[in-house]
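Quick notes on the structure that follows.
Number of protein chains: 2
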Amino acid sequence: MSGAVIAGIDMIPFGRFPDRSLEDIGAEAALMALADAGLTIHDVQAFYCGSALQATAFPGQRILRRIGQRMMPVLNVVNGCATGAAAFREAVLAVASGRHDVALAVGVEKMDRGLIVMPGRPADFQEEGAIGTITTPCLFSQAGVIHSAEYGTTFEQFAKVSVKNHHHATLNEKAFIRRETPLEEVMASEMIAYPNTKLMCSINVDGAAAAIVTSEAFARRHGLMNRAVRVRAAAMLASVFTDMEDGLTDFNEVTRETAKQAYEAAGLGVEDIDLIELHDCFATAELLHYENLGLCGKGESGALIDSGETALGGRLPVNVSGGLLSKGHPLGATGIANLYEICLHLRDEAGQRQVEGARIGLAHIVGGMTDYGSASAVHILERV
Amino acid sequence: MSGAVIAGIDMIPFGRFPDRSLEDIGAEAALMALADAGLTIHDVQAFYCGSALQATAFPGQRILRRIGQRMMPVLNVVNGCATGAAAFREAVLAVASGRHDVALAVGVEKMDRGLIVMPGRPADFQEEGAIGTITTPCLFSQAGVIHSAEYGTTFEQFAKVSVKNHHHATLNEKAFIRRETPLEEVMASEMIAYPNTKLMCSINVDGAAAAIVTSEAFARRHGLMNRAVRVRAAAMLASVFTDMEDGLTDFNEVTRETAKQAYEAAGLGVEDIDLIELHDCFATAELLHYENLGLCGKGESGALIDSGETALGGRLPVNVSGGLLSKGHPLGATGIANLYEICLHLRDEAGQRQVEGARIGLAHIVGGMTDYGSASAVHILERV
Numbered sequence: 106m107s108g109a110v111i112a113g114i115d116m117i118p119f120g121r122f123p124d125r126s127l128e129d130i131g132a133e134a135a136l137m138a139l140a141d142a143g144l145t146i147h148d149v150q151a152f153y154c155g156s157a158l159q160a161t162a163f164p165g166q167r168i169l170r171r172i173g174q175r176m177m178p179v180l181n182v183v184n185g186c187a188t189g190a191a192a193f194r195e196a197v198l199a200v201a202s203g204r205h206d207v208a209l210a211v212g213v214e215k216m217d218r219g220l221i222v223m224p225g226r227p228a229d230f231q232e233e234g235a236i237g238t239i240t241t242p243c244l245f246s247q248a249g250v251i252h253s254a255e256y257g258t259t260f261e262q263f264a265k266v267s268v269k270n271h272h273h274a275t276l277n278e279k280a281f282i283r284r285e286t287p288l289e290e291v292m293a294s295e296m297i298a299y300p301n302t303k304l305m306c307s308i309n310v311d312g313a314a315a316a317i318v319t320s321e322a323f324a325r326r327h328g329l330m331n332r333a334v335r336v337r338a339a340a341m342l343a344s345v346f347t348d349m350e351d352g353l354t355d356f357n358e359v360t361r362e363t364a365k366q367a368y369e370a371a372g373l374g375v376e377d378i379d380l381i382e383l384h385d386c387f388a389t390a391e392l393l394h395y396e397n398l399g400l401c402g403k404g405e406s407g408a409l410i411d412s413g414e415t416a417l418g419g420r421l422p423v424n425v426s427g428g429l430l431s432k433g434h435p436l437g438a439t440g441i442a443n444l445y446e447i448c449l450h451l452r453d454e455a456g457q458r459q460v461e462g463a464r465i466g467l468a469h470i471v472g473g474m475t476d477y478g479s480a481s482a483v484h485i486l487e488r489v
Numbered sequence: 106m107s108g109a110v111i112a113g114i115d116m117i118p119f120g121r122f123p124d125r126s127l128e129d130i131g132a133e134a135a136l137m138a139l140a141d142a143g144l145t146i147h148d149v150q151a152f153y154c155g156s157a158l159q160a161t162a163f164p165g166q167r168i169l170r171r172i173g174q175r176m177m178p179v180l181n182v183v184n185g186c187a188t189g190a191a192a193f194r195e196a197v198l199a200v201a202s203g204r205h206d207v208a209l210a211v212g213v214e215k216m217d218r219g220l221i222v223m224p225g226r227p228a229d230f231q232e233e234g235a236i237g238t239i240t241t242p243c244l245f246s247q248a249g250v251i252h253s254a255e256y257g258t259t260f261e262q263f264a265k266v267s268v269k270n271h272h273h274a275t276l277n278e279k280a281f282i283r284r285e286t287p288l289e290e291v292m293a294s295e296m297i298a299y300p301n302t303k304l305m306c307s308i309n310v311d312g313a314a315a316a317i318v319t320s321e322a323f324a325r326r327h328g329l330m331n332r333a334v335r336v337r338a339a340a341m342l343a344s345v346f347t348d349m350e351d352g353l354t355d356f357n358e359v360t361r362e363t364a365k366q367a368y369e370a371a372g373l374g375v376e377d378i379d380l381i382e383l384h385d386c387f388a389t390a391e392l393l394h395y396e397n398l399g400l401c402g403k404g405e406s407g408a409l410i411d412s413g414e415t416a417l418g419g420r421l422p423v424n425v426s427g428g429l430l431s432k433g434h435p436l437g438a439t440g441i442a443n444l445y446e447i448c449l450h451l452r453d454e455a456g457q458r459q460v461e462g463a464r465i466g467l468a469h470i471v472g473g474m475t476d477y478g479s480a481s482a483v484h485i486l487e488r489v
C-alpha cells in the first residue's frame with residue numbers, strides 16, 4: 106500500500122434533506138474534498154462511487170453530471186454498510202497500482218426512516234425479516250444478550266457507549282444529534298430490542314463524504330504533503346454475515362480477520378493506534394468490536410467502557426466523531442465519514458475534540474444482511 | 106496493462122431458469138472458469154462480482170457462500186449493461202497493480218421479461234419511461250431512424266444484422282435462440298419501435314459468466330500460458346447516457362471515446378482486429394457501433410452490413426457468438442460472455458464458428474439509462 110495518501114477529504118453535515126437529491130449531496134461532498142486537496146475535477150483520473158441503496162441507478166454518473174463533467178472512468182460499487190470504505194479502498198488500489206495519480210471516492214446515501222429495506226430485484230428478493238431470518242436490530246441485540254450471559258456485561262455498560270458517543274457529538278458540528286444524553290435517559294429510552302434502546306441505535310440520515318487519493322509522488326510534486334495523510338493499510342474481507350451457525354457467541358469473525366490483515370499490512374499493533382472510528386451501528390456492537398479489534402481481551406469490553414479509556418481524553422478514544430449513534434448512519438457515506446474523522450485528528454484540525462498528538466488512526470466498518478453476506482473494511486492511516 | 110492474462114473463462118448456456126437462483130448460476134460459472142484455468146477457489150485472492158439488478162443484495166457474497174467459501178475480498182460492482190465488463194476490468198487492474206496474482210470476475214443476472222426496470226431506492230427512484238424520458242427500445246430505434254434520415258440506411262439493412270447474428274447463433278450451443286431467421290421473417294416480426302422488430306431486440310435471459318485473471322508471471326509459473334489470452338487494453342469511460350441534447354445524431358460518443366482509449370493503450374488500430382463482439386442490444390445499435398468502433402466511416406455502416414464483411418467468413422466478423430440478439434442479454438453477465446467468445450477464437454476452440462487464425466479480438470459494451478448515465482468498456486485481447 107506504499108505510496109497512497111489522502112490529499113483531501115470532507116463530508117457534508119449529516120441530516121435529513123427531503124429537497125436535495127443523491128446527486129446534489131454527492132456532488133457537494135466531491136467538490137468539498139477537491140477543494141480540501143486544492144485540486145479540481147479535471148485532476149481526477151478515476152472515480153469510485155459507493156451507494157448502498159442506489160448503486161444500480163448510476164449514482165456516480167449522476168454525481169459526475171451534476172459537477173458538469175463527462176467521459177471519466179466511473180465505477181459504482183456496493184458492499185452494504187461497508188460500501189463507502191470499499192469505494193475508498195478501490196481508489197487506494199487504483200493509485201497504489203501506479204495506474205492513476207489521482208482517484209476520487211464518494212460515499213453517498215439518501216435514507217428512508219425506520220428499518221432499512223435493501224432494494225433488489227423484485228422477483229428474486231425479499232426484505233430482511235421476511236425471509237425467516239433475524240433483522241439487523243435483533244441480531245446486534247441478541248449478540249449483546251449472549252455477551253451478557255457469557256461475561257456478565259450489563260445493560261448499563263452497553264448504555265454507556267451511547268452516553269459517551271453522544272457526548273463526543275456535542276463537539277462535532279457535522280453530527281446529527283448534538284446534545285448530552287445522560288445514562289438514565291439512554292436506559293429509559295424506547296426499547297427497540299433488548300438491550301438496545303432507541304438512543305442505542307444508529308440514526309438513518311442523508312449524507313455524503315468524499316476523499317481524494319493520490320500517489321505520494323503526485324502529492325509531493327504538487328505541494329500537497331503538508332496536509333496529506335498516509336494510507337498504511339487498506340484491508341477488506343467478505344464472508345457470511347455472521348456465524349449464525351455458531352449462535353452469535355463469537356460475533357463477528359469477519360471484523361477480526363480483516364483487522365488482523367490490516368495490522369499485519371501496516372506492521373502495527375493496537376498499541377500503536379491513537380484513535381479509532383468503529384462501526385457502532387448499535388451500542389452493543391461497539392463493545393463487541395472492542396474485542397474484535399483487539400482493544401481488550403474476550404469478555405473485557407464491559408470493563409473497558411467502565412474505565413473511560415475509550416472516551417475523549419482516555420488512552421484510546423473511540424468514535425470521537427459521535428459515531429453512528431449520534432453523527433448518523435447514511436449507509437454508503439459512513440465509511441468515508443469515518444476516514445474523514447481520523448484525518449482531521451491526524452492533521453490537528455479536530456478543534457475541541459482533537460485527540461492530542463494523534464499519529465495513527467484506525468477506521469473500521471462492517472456491513473451485511475442476514476442470510477446474504479457481509480463485508481468488513483479496516484483502514485489504518487498515519488500522520489505524514 | 107502489461108502482465109494480465111485471462112487464464113480461464115467460461116459461461117453457462119444462457120436461458121430461463123426459474124428454479125435456479127442468482128447464486129446457483131453465478132457459482133456454476135465461477136467453478137467452470139476455475140476448472141478452465143486448472144485452478145481452485147483457494148487460488149483466488151480477490152473477487153469482483155457484477156450484477157446490474159441485484160448489486161445491492163450482496164451477490165458476490167452469496168456466490169462465495171454457494172461455493173462454500175468465506176473470508177475473501179469481495180467487491181460488488183455495477184455499471185448498467187457494462188457491469189460484467191466493469192467487474193472484469195477491476196480484476197485486471199487488481200492483477201496489473203501487482204497486488205494480486207489471481208482475481209476472479211463474475212457477471213451474473215436473473216432477468217424479468219419485457220421492458221427492464223432497474224431496481225433503486227423507492228423513495229428516490231422512478232422507472233425508466235416514467236420520468237418523462239425515452240425508454241431504451243425507443244432510444245435505439247430513434248437513433249436508427251435518424252441514421253436512416255441522414256445516410257439513407259434502410260429498414261432492410263438494419264434487419265440484416267438480425268439475420269446475420271441469428272445465423273451465427275446456430276453454430277453456438279450456448280446461445281438461447283439457435284435457428285435461422287430469414288430476412289422476411291425478421292422484417293415481418295412484431296414491430297417494437299421502428300425500425301426494430303421483435304427479432305431485432307435483444308432477449309432477456311438468465312445467465313452467468315466468469316473469468317480468471319492472473320499475472321503473466323503466475324500463469325508462466327503454473328504452466329497456464331498454453332491456453333492463456335493476453336489483455337492488451339482495458340478501457341472504461343462513463344458519461345451522460347447519450348447526447349440527448351444533440352438529438353441522437355451522433356450516437357454514441359462514450360463508445361467512440363472508450364474505443365479510442367483502448368486502441369491507444371494497445372497500440373493497435375481497427376485494421377489489427379480479427380473479430381469483434383459488440384453491444385447489439387438492438388439491431389440498429391450494431392450498425393451505429395460499426396461507425397463508433399471505426400469499422401467504417403460515418404454513414405457507411407449500411408453498406409458494410411450489405412457487403413457481408415462482418416459475417417463469419419468475412420473480413421472482420423462481428424458477433425460470431427450470435428450477439429445479444431440471439432445469445433440473449435443477461436445484463437451483468439453479458440460483458441464477460443463477450444470476452445469468453447473472443448477467448449474461444451484466440452484459443453482455436455470455437456469449433457464450427459472459429460474465425461481462422463484470429464490473433465486479436467475486441468469486446469465492446471455500453472450501458473446506461475436515459476437521464477441517469479452511461480458506461481462503456483472496450484477490451485482488446487491477444488492470442489499468446
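The listed protein sequences correspond, in order, to chains A and B.
Heads up, the first sequence is in our numbering, so the first residue is 106 and it goes up one at a time.
Heads up, the second sequence is in our numbering, so the first residue is 106 and it goes up one at a time.
A virtual CB, placed ideally from N, CA and C, is assigned to each residue, including glycine.
No Cβ of chain A is located within less than 9 Å of the beta carbon of residue 211 of chain B.
Looking at the DSSP output, residue 256 of chain A bridges to nothing.
Assignment of residue 241 of chain B by DSSP, reduced to helix, strand and coil, places it in the helix class.
One finds nothing in chain B with a Cβ atom closer than 8 Å to the Cβ of residue 356 of chain A; even the nearest lies about 15 Å away. Around the beta carbon of residue 288 of chain A, fewer than 16 other beta carbons sit within 10 angstroms, so the residue counts as exposed. Contiguous beta strand (DSSP E) elements confined to the segment 122 to 188 of chain A occur at 151 to 155, 179 to 183, taking only those with 3 or more residues. Look at the beta carbons and you see the segment 134 to 145 of chain B not touching the segment 145 to 154 of chain A: under three pairs across the two are nearer than 8 Å. In the DSSP assignment, residue 486 of chain A falls within the unbroken beta strand (DSSP E) covering 478 to 488. Contacts with chain B at 9 Å (Cβ-Cβ) include residue 161 of chain A. At a cut-off of 9 Å, the C-beta of residue 247 of chain A has no neighbouring C-beta in chain B. At least 9 Å separates the CB of residue 292 of chain B from every CB of chain A. Judged by DSSP secondary structure, residue 292 of chain A falls within the alpha helix (DSSP H) whose first and last residues are 288 to 293.
In the same chain as residue 452 of chain A, and ignoring 5 residues on each side of it, the C-beta atoms closer than 6 Å to its own belong to 332, in chain order.
Taking residue 251 of chain A as the centre and dropping the five residues before and after it, the same chain places the C-beta of 353, 354 closer than 6 Å to its C-beta, in chain order. CA-CA distance, residue 264 of chain A to residue 240 of chain B, rounds to 52 Å. CA-to-CA, the gap between residue 376 of chain B and residue 457 of chain B works out to about 24 Å. Close to residue 170 of chain A, with beta-carbon spacing below 8 Å, are these residues of chain B in chain order: 345, 478. At a C-beta separation below 7 Å, residue 199 of chain B has these neighbours in chain A: 198. Proximity of chain B to residue 191 of chain A at the Cβ level (cut-off 7 Å) is accounted for by 180, in chain order.
According to the DSSP assignment, residue 115 of chain B belongs to the beta strand (DSSP E) that extends over 109 to 116. Secondary structure note for residue 384 of chain A: it is in no alpha helix (DSSP H), with a DSSP letter that is neither H nor E.
DSSP places residue 330 of chain A in the helix class (H, G or I) of the three-state scheme. Restricting attention to alpha helix (DSSP H) runs no shorter than 4 residues, the segment 429 to 484 of chain A encloses them at 436 to 451, ordered along the chain. Within chain B, the residues 176, 177, 178 have their CB atoms less than 7 Å from the CB of residue 342 of chain A, given in chain order. In summary, no residue of the segment 410 to 426 of chain B has a CB separated from any CB of chain A by less than 8 Å. Residue 152 of chain A belongs to the set of residues whose beta carbon lies under 9 Å from a beta carbon in chain B. What residue 184 of chain A touches in chain B, judged by beta-carbon distance under 7 Å, is 180, 181, going in chain order. Scanning chain B for C-beta atoms nearer than 9 Å to the C-beta of residue 137 of chain A yields nothing, as the closest lies near 21 Å away. Within the segment 362 to 426 of chain A, the complete beta strand (DSSP E) runs of at least 3 residues fall at 380 to 382. Taking the Cβ atoms as the reference, residue 131 of chain B lies roughly 7 Å from residue 164 of chain B, within the contact range of under 8 Å. In this structure, residue 468 of chain B keeps its C-beta atom at 9 Å or more from the C-beta atom of residue 429 of chain B. Within chain A, no C-beta atom comes less than 9 Å from the C-beta of residue 457 of chain B; the nearest is roughly 35 Å away. Contact between residue 345 of chain A and residue 175 of chain B holds: CB atoms are separated by about 6 Å, below the 8 Å threshold. Residue contact with chain A for residue 133 of chain B: absent (no Cβ-Cβ distance below 9 Å to any residue of chain A).
Annotated three-state conformation of residue 212 of chain A is strand, per DSSP.
Looking from the CA of residue 217 of chain B, the closest CA among B:364, B:122, B:463 belongs to B:122.
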